[in-house]
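> Here's a structure for you.
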Amino acid sequence: MNCTRCKTKAVLKLPRHNAAFCKDCFNSFVHDQVLKAIRSQEMFKKNDRLLVAVSGGKDSLALWDILLKLGYKADALYVNLGIGGYSESSQEKVMHFSETVAAEYGAGLHVHTVEREEGAGIRELAMMVHRPTCSTCGTIKRYQFNHAAIRHGYDVMATGHNLDDEAARLLGNVLHWQNEYLEKQGPSLPASIDGFAKKVKPLYRLTERELAAYCVLNKIDYVVEECPMAQGARTLLYKEVLNRLETESPGTKQMFYWGFLEKSHTTKTPTTIMEKDRSSLHPCSLCGQPTTAETCSYCKLMAKAKTSTSR
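In my numbering, each number is its position in the sequence shown, counted from 1, plus 30.
The following block contains the structure:
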């Protein structure tokens, strides 16, 4: 099997593109896909300051690596969730990448420790507030990502969501017809109001398998295990269904998600989303971050946790 581009020996075959690549051409392919995503969605410019949310997994570390190699100014934020050995291993991978790769580009790393800042780990907080762990985790991470981006003056917040993630999320939103989520399903959400950072997903054109291959070929050490709290998550079922479809018909995931983006682009624009947000958002009475209620979901969660510990 030879490389589609340079005709030397290939190391990877991509059925959805009917192509095979050697290491160098595969790296070029990955970088090209990210550049296409950035430019087509007008995610950010060369002089913008980026903050990458990293977890220690393949997607976020690959994203940080790619952005740095493409010449962008990208620092990172790691949120330690306090999930025992899993969080310890995740932070080790992040620190290793930061010290051995990111440091060469002058990139910095911010670390937020939930046990220290919120007073308990994710599992304990979830039990205190009687909410699912994933829901509690999402509330805290969304708040801290945005808070860090605004506090440290970053223009854009970038996450490592890939094609598999976005296609699975879209499938779930379509099955339940969650229109509010469908409206904001795109890979680039503008900073609709002061206090919100722009959020982008530059990896939406690449699959999990492609990003795992990128990490292996470029010797990026990452956490292989899924988060232990994710067991039984419906998103994993949706991914399994899409993987079966992809095996039978390569390109299904991209046709599904990219087709949605193309169709939705004709019915709404970032401007209309911004106008809708501006009309419903105002500062949280406790922390000042934008919210649709008097107090934001993060402050409500923390207040409930505090009440639980005081009983």
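Cβ atoms here follow ideal geometry from the backbone N, Cα and C, with glycine treated the same way.
Can you list, in chain order, the residues of its chain whose CB lies under 8 Å from that of residue 260, leaving out five sequence neighbours each side?
Taken in chain order, the residues that qualify are 164, 266.
> Using 8 Å for Cβ pairs, my map puts residue 190 next to residue 90. What's the rounded Cβ distance?
Yes, residue 190 and residue 90 are in contact; Cβ-Cβ is about 4 Å, under 8 Å.
> Between the alpha carbons of residue 335 and residue 125, how many angstroms are there, rounded?
Their Cα atoms are separated by approximately 30 Å.
> Apply the 10 Å Cβ neighbour rule to residue 133 and answer buried if 16 or more other Cβ atoms are within range, or exposed otherwise.
Counting Cβ neighbours within 10 Å, residue 133 comes out exposed, since fewer than 16 surround it.
> On the DSSP letters alone, give me the boundaries of the beta strand (DSSP E) that residue 3 sits inside.
With the chain covering 31 to 341 only, the question about residue 3 has no answer from this structure.
> Buried or exposed: residue 331, going by 16 or more other Cβ atoms within 10 Å of its Cβ?
Residue 331 comes out buried.
> Tell me, please, whether the region 174-182 touches the region 76-84 by the rule of three or more beta-carbon pairs shorter than 8 Å.
Yes, they touch.
> Buried or exposed, going by whether 16 or more other CB atoms sit within 10 Å of the CB of residue 105?
Buried.
> Just to confirm my understanding: we take residue 186, look at its own chain, exclude 5 residues before and 5 after, and list those with CB closer than 8 Å. What are they?
Excluding positions up to five away in sequence, the list reads 73, 74, 78, 79, 80, 81, 179, 227, 228, 229, 230.
> DSSP three-state label for residue 187, please.
It is a strand residue.
> If you check the beta carbons only, do residue 158 and residue 339 fall under 8 Å apart?
Yes; because the gap between Cβ atoms is below 8 Å, this pair is in contact.
> With 16 other CB atoms within 10 Å as the buried threshold, where does residue 217 fall?
So residue 217 ends up on the buried side.
> What ranges does the alpha helix (DSSP H) occupy inside the region 256-294, keeping only unbroken runs of at least 4 residues that lie completely in it?
Within the region 256-294, the complete alpha helix (DSSP H) runs of at least 4 residues are 264-278.
> Considering only DSSP beta bridges, list what residue 84 is partnered with.
Answer by DSSP bridge pairing, in chain order: 108.
> Under 8 Å, do residue 184 and residue 141 count as touching if we go by C-beta distance?
For residue 184 and residue 141, no; Cβs fall outside 8 Å.
> Within the same chain, show all residues whose beta-carbon is closer than 8 Å to that of residue 148, passing over the 5 residues directly before and after it, in chain order.
Result list for residue 148: 155, 170, 332, 335, in chain order.
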